[in-house]
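What follows is a short report on a single structure.
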Amino acid sequence: MQHTSFERIGRRLFLEGLVGGNFGNMSERTEQGYLITRSGSYLDEPGDLIFVQNGEEVPKNASSEYRVHQAIYRDTPHKAIVHAHPSCAVAASLLMDQIIPLDSEGKMLAPEIPVVSGDPGTEELAKNVASALKNRNLVLAQGHGTFAAGKTLDEAYLYTSLAEHATRVLFYAGRLTPSSL
Ligand SMILES: [Zn+2]
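Numbering (the working numbering), first residue to last: 8 to 188.
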């Protein structure tokens, strides 16, 4: 099954440098489960999406990060998820326990961006990310990347972009410093 919004958002993620190589993944909730990008696929050329049906075994070719997507759909009302590796946001996640944006959009839309732990693909990461997204749209996995969620892929993309913008502004302003300082 193909989906044009996946390609459109995937292209934007590449154009803005929010993801590189064949990293990152995206999904959308459906009535019976969710559609997710394939393991190892390029987000701007997602090809066939994988359908994961509620209560059924996850197909082997689904993104290796499916556990996080599954936990978000189980524990929150979000309908779409974008996971990317924006480099400045990742750097910020190594320095700070939570990101407090100073730019106007960041202050308005994501006044506190939590940083959570957990290795890629693990239940620990899934649990921590889903818990952080219960009452917000954006979280950072430490040293790894963003998980952004919303009503649509467009909304999840916007929060992904915002994470990189907010952390770049902190960097340019000389405010990207270790939490303990
Ligand atoms: Zn990742």
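Heads up, the beta-carbon is just placed ideally off N, CA and C, and yes, glycines get one too.
From a predicted model like this one, the values you see are computed outputs, not experimental measurements.
- Message: Excluding the 5 residues flanking G40 on each side, which residues of the same chain have their C-beta closer than 7 angstroms to its C-beta?
- Response: Residue 40 sits at position 33 when you count from the first residue of the sequence shown. The residues are F58, V59, Q60, N61.
- Query: Is the distance from the Cβ of L106 to the Cβ of I120 below 8 angstroms?
  - Reply: Reading the sequence shown from its first residue, position 99 is the one you call residue 106. Reading the sequence shown from its first residue, position 113 is the one you call residue 120. Looking at the sequence provided, one finds Ile at residue 106 rather than Leu. Taking 8 angstroms as the Cβ cut-off, I106 and I120 qualify as a contacting pair.
- Quick one: using the 10 Å Cβ neighbour count with 16 as the cut-off for buried, is S111 buried or exposed? Position 104 of the sequence shown, counting from 1, holds the residue named residue 111. Result: exposed.
- Which class does N68 belong to by DSSP, given the choice of helix, strand or coil? Start at 1 with the first residue of the sequence shown, and residue 68 comes out as number 61. Three-state DSSP puts N68 in coil, outside helix and strand.
- Message: Can you check which of these residues, M33, D51, T11, is closest to R19 by C-alpha distance?
- Response: Residue mapping note: residue 19 aligns to position 12 of the sequence shown, counting from 1. If we check each option's Cα against that of R19, D51 comes out closest.
- Message: Given 7 angstroms as the limit, tell me if E72 has its C-beta closer than that to any heavy atom belonging to ligand 1.
- Response: Mapped onto the sequence shown, residue 72 falls at position 65. Yes; taking the cut-off as 7 angstroms, the Cβ of E72 has a heavy atom of ligand 1 nearer than that.
- Message: Three Cβ pairs or more, each shorter than 8 angstroms: is that satisfied between the segment 170-182 and the segment 124-132?
- Response: no
- Query: Just checking my contact of H85 with L160 at CB under 8 angstroms: how many whole Å lie between their CB atoms?
  - Reply: As a working note, residue 85 is residue 78 in the sequence shown. As a working note, residue 160 is residue 153 in the sequence shown. 11 angstroms between Cβ atoms; not a contact.
- Near ligand 1: G125 beta-carbon under 7 angstroms from a heavy atom: As a working note, residue 125 is residue 118 in the sequence shown. Answer for G125: no, Cβ out of range of ligand 1.
- Query: Bridge partners of Y49, per DSSP?
  - Reply: As a position in the sequence shown, residue 49 is number 42, starting the count at 1. The partner list for Y49 (beta bridge, DSSP) reads E52.
- Message: For A155 and N142, I'd like the C-alpha separation in whole angstroms.
- Response: Numbered from its first residue, the sequence shown carries residue 155 at position 148. Numbered from its first residue, the sequence shown carries residue 142 at position 135. If I take the Cα positions, the gap works out to 12 angstroms.
- Item | Contact test: F30 Cβ vs ligand 1 heavy atom, cutoff 7 angstroms | Your numbering for residue 30 matches position 23 in the sequence shown. Checking the Cβ of F30 against ligand 1 gives yes.
- Can A117 and N144 be called in contact, C-beta distance under 8 angstroms? As a working mapping, residue 117 is identified with position 110 in the sequence shown. As a working mapping, residue 144 is identified with position 137 in the sequence shown. In this structure, N144 lies closer than 8 angstroms to A117 by Cβ.
- Which one or two residues does DSSP pair with Y41 in a beta bridge? Reading the sequence shown from its first residue, position 34 is the one you call residue 41. Answer by DSSP bridge pairing, in chain order: R36, V59.
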